[in-house]
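Count the sequence shown with mature numbering (1 follows the signal peptide of the UniProt record, and there is no 0) and you get residues -20 to -1, 1 to 252, in order.
Read the structure below first, then the notes.
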Amino acid sequence: MRLFQIATAGLLLITGVVGAAKADELADVKARSKLVCGTLGTAEPFSFQDPKTREIVGYDIDICRKVAESLGVALEIKPMAVEARIPELIQGRVDILAANLGWSKERAQQIDYSYSYFVSEQKVLVSADSGIATLDQLSGKRVSALKGSSSEQGVRRVIPTAETVTFQDSSSAFLAVVQGKVDGFCASELILVKLRKQAQASSPMSIVEKSVFLEPWGLGVRKGEAAFKDQVNKVLADLDASGEAGKIFAKWFGPGTVYDMKRDFKIEEIKG
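Written as structure tokens, this is what we have:
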């Protein structure tokens, strides 16, 4: 009898674990009336703290908010470090990632990606007087990147003879260039354009023309959550079709901003 009770308890425990693993994310989010969105919070204009309101705002936040609105739930923003993004999602501490999440084969084995909602051109920022104008000239040089980022992976892959030096945030990685501790900083061109403008008077910078790589960004969702992923993709597709996605892009990157960019991509499935 005792053995039977232990076996039964074990079976119930296993059943519970399996049940949890197969939980319906879409239903869970609706049930708790809240979508928890993981983001960086330090990557302007994607997600950063508004100096006036102290709230986290940005392009990523607006996109995530549209997902929450489609579900009729509140949005909770959870800032996190670059290297914590995927672990936080897998462990269920956030429902979705809107966190400069570039597609890579390695990441796609751990999580699912939504349609691409941004395409990032990854480049390298160098001191204007460095004499560096090509990626080849970075051979044997020190290049900074955010720890755990696709930029770090890109430098190691495309410029394998360069020494990659990682930092926790863009400000520190950029400061290393200013202080001469590294020779270049690899990141999204958008981030580099703003940093170059900010340092124009005191520390003139230039951006190497050739891209290290082009990177589609998607929202991250846990594997096995087909209904939730389909809902996210529907929201993104509707935003593109209605023109709302273009308006959100213009708000953060278009005329009147320091980037003054045109949106030259469409929201579509990421094909690895």
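Quick reminder that beta carbons are idealized off the backbone N, C-alpha and C, glycines included.
Given the structure is predicted, the values throughout are model-derived calculations rather than measurements.
- Membership of P196 in the beta strand (DSSP E) is indicated by the continuous run 193 to 201.
- The alpha-carbon of F154 is positioned some 25 Å away from that of G198.
- If you ignore the 5 residues before and after E143, its C-beta comes within less than 6 Å of the C-beta of R122, all in its own chain and listed in chain order.
- In the structure shown, Q102 adopts extended strand secondary structure according to DSSP, grouped into three states.
- Looking at V9, A54, I250, the one whose alpha-carbon comes closest to that of G72 is V9.
- For K58, the enclosing beta strand (DSSP E) begins and ends at 54 to 59.
- According to the DSSP assignment, E132 belongs to the alpha helix (DSSP H) that extends over 130 to 138.
- Just so you know, the alpha carbons of T33 and D42 end up roughly 16 Å apart.
- Burial check for L219: the Cβ neighbour count within 10 Å reaches 16 or more, so the residue is buried.
- Selection S96, F193, S124 evaluated against G134 yields F193 as nearest (Cα-Cα).
- The alpha-carbon of S168 is positioned some 30 Å away from that of G204.
- With distances taken between CA atoms, K190 lies nearest to V106 out of G160, K85, V106.
- For E248, the closest C-alpha among the options V173, I112, S94 is that of S94.
- As a beta-bridge residue in DSSP terms, E143 pairs with R122.
- Counting along the chain, S152 sits inside the alpha helix (DSSP H) bounded by residues 150 to 158.
- Two segments are said to touch when three or more pairs of C-beta atoms, one from each, lie closer than 8 Å; by this definition the region 11 to 23 touches the region 45 to 56.
- Judged by DSSP secondary structure, K127 falls outside any beta strand (DSSP E); it is assigned neither H nor E.
- Ranked by Cα distance from K161, the first of V173, F147, P31, K174 is F147.
- The three-state secondary structure of Q180, taken from DSSP, is coil.
- Annotation: the continuous beta strand (DSSP E) that includes V16 extends over 14 to 19.
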